[in-house]
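Undergrad:
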Amino acid sequence: MILVEAIIRPDRLERVTHALEEIGVVGMTATDVRGCGQQRGYPERYQGAEYPLRLVPKLKLEIVLPAGRAAEAVEAIQAAGRTGEVGDGKLFLHRVTAAQRIRTGERDYAAL
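Using my numbering, the first residue of the sequence shown is number 90, and each one after it goes up by one.
Shown next as structure tokens:
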């Protein structure tokens, strides 16, 4: 199993989730996060003064899939999340060694 962790622009959530639904991926967790990468934030103006805003609002999606489906999900996220501008986000893939559904006790693929 693979955990796909995607950091995307918040305004791209609808496109990304739609693209994932089209390939049959519906289970995911979304979290509001803040961070910075190459863009290093941006200046914010408040009452005439300029303040640097270092951490930019982003959205983190976490999706656990069978290893054979991860590449397809990554392609869908990348295509739907890309604007071509700095700050489009990042994708990380992690190996998952076990999963268990709390309600029934099902394990691994059955728990997904």
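Cβ atoms here follow ideal geometry from the backbone N, Cα and C, with glycine treated the same way. Quick caveat: nothing in here was measured; it's all calculated off a predicted structure.
Let me confirm a value: residue 101 is counted as buried when at least 16 other C-beta atoms fall within 10 Å, else exposed. Which label applies?
TA: It counts as buried.
Undergrad: Report buried or exposed for residue 184, applying the criterion of at least 16 other Cβ atoms within 10 angstroms of its Cβ.
TA: Residue 184 is exposed by the Cβ-count criterion.
Undergrad: Since residue 91 and residue 178 are thought to touch, with beta carbons under 8 Å apart, how far apart are those beta carbons, to the nearest angstrom?
TA: Incorrect: roughly 18 Å between the Cβ atoms, too far for contact.
Undergrad: Please classify residue 144: is it buried, with 16 or more other beta-carbons within 10 angstroms of its beta-carbon, or exposed?
TA: Residue 144 comes out exposed.
Undergrad: Which of the three DSSP states, helix, strand or coil, is assigned to residue 177?
TA: Three-state DSSP puts residue 177 in coil, outside helix and strand.
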